[in-house]
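Take a look at the structure below.
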Amino acid sequence: MMTPTERQMRTFAGLQKIVATLRGPDGCPWDRAQSHQSLRPHLTEEASEAVDAIDDNDADALKEELGDLLLQVLLHTQIADEGREFRMGDVIESIARKLVRRHPHVFAEAVAETPDAVIKQWDEIKRDERNGASALTGIPS
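Here the sequence shown stands for residues 6 to 146, numbered as in the working numbering.
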């Protein structure tokens with residue numbers, strides 16, 4: 006039996022290890038039985054509970070619900086890792102690249118001086134991404 010250390014209880018990597026242990030051969034039968042599909046209702050429920058905590062202006066409840074959402078992310082990522090679909094590093098890299106790409110007013114030379122300008126720019130970039138365009142579209146190679 007593995008008892009998590011205090012460090013594991015406070016770090017992202019430690020939490021990942023706890024989730025991997027829960028899904029491992031000596032882990033929890035319920036956790037091992039889960040799939041992306043079976044976890045869908047839990048993901049939406051936890052997101053809804055986080056929204057409720059925000060609406061209630063309840064920081065303690067929000068902390069708990071964000072933890073529950075993080076657990077959902079970790080479970081889905083662990084399942085994907087086990088299926089050799091993707092790993093946590095891939096998820097982190099994907100969102101980091103998206104944030105940099107969609108904030109050219111911070112990480113490049115674009116200008117967006119108001120929240121409305123940022124939203125307009127974000128929506129334009131998102132639309133271009135969905136249409137297969139990139140920042141290099143039209144630039145000769």
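Even for Gly, the Cβ is constructed at its ideal location relative to N, Cα and C.
In the three-state reduction of the DSSP assignment, Val116 falls in the coil class, being assigned neither a helical nor a strand state. Here Thr10 carries a coil assignment [DSSP, helix/strand/coil].
Per DSSP, Arg107 is not a residue of any alpha helix (DSSP H), being assigned neither H nor E.
When rounded, the separation of the alpha-carbon atoms in Gly29 and Leu74 is 21 Å. Fewer than three Cβ pairs drawn from the segment 98-113 and the segment 64-74 lie within less than 8 Å of each other, which leaves the two stretches out of contact. With contacts defined as CB atoms closer than 8 Å, Gln21 and Leu48 fail to qualify as a contacting pair. Between the alpha carbons of Ile23 and Glu11 lies a gap of roughly 12 Å.
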